[in-house]
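Below is one structure; the comments refer to it alone.
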Amino acid sequence: MTALTTGLGMLPLALAHGSGAELQKSLAIVISGGMITATFLTLLVLPALYYLVEKRGDEG
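Structure below.
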């Protein structure tokens, strides 16, 4: 939920036109990409790693 609101909050900056838009646009894109990546890692990769570690611990 926080990543969604941050991404939506960065949308006007990513679409900005005017003075200083070059800096704001690149910054907004980087922040949005980081939030998407962090959400992906938290929801998909981290549980998979926990599952693999737990499975390996049960074998030994």
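Residue numbering for the sequence shown follows the working numbering, beginning at 27 and increasing consecutively.
Backbone N, C-alpha and C fix where the C-beta goes; we use that ideal spot for every residue, glycine too.
According to the DSSP assignment, Gly60 belongs to the alpha helix (DSSP H) that extends over 47–66.
Going by C-alpha positions, Thr32 is about 35 Å away from Lys81. The straight-line gap separating the alpha-carbon atoms of Ile62 and Ala29 is approximately 7 Å. The alpha-carbon of Leu72 is positioned some 25 Å away from that of Leu34.
Ala54 counts as buried, since at least 16 other C-beta atoms from the protein chains shown sit within 10 angstroms of its C-beta.
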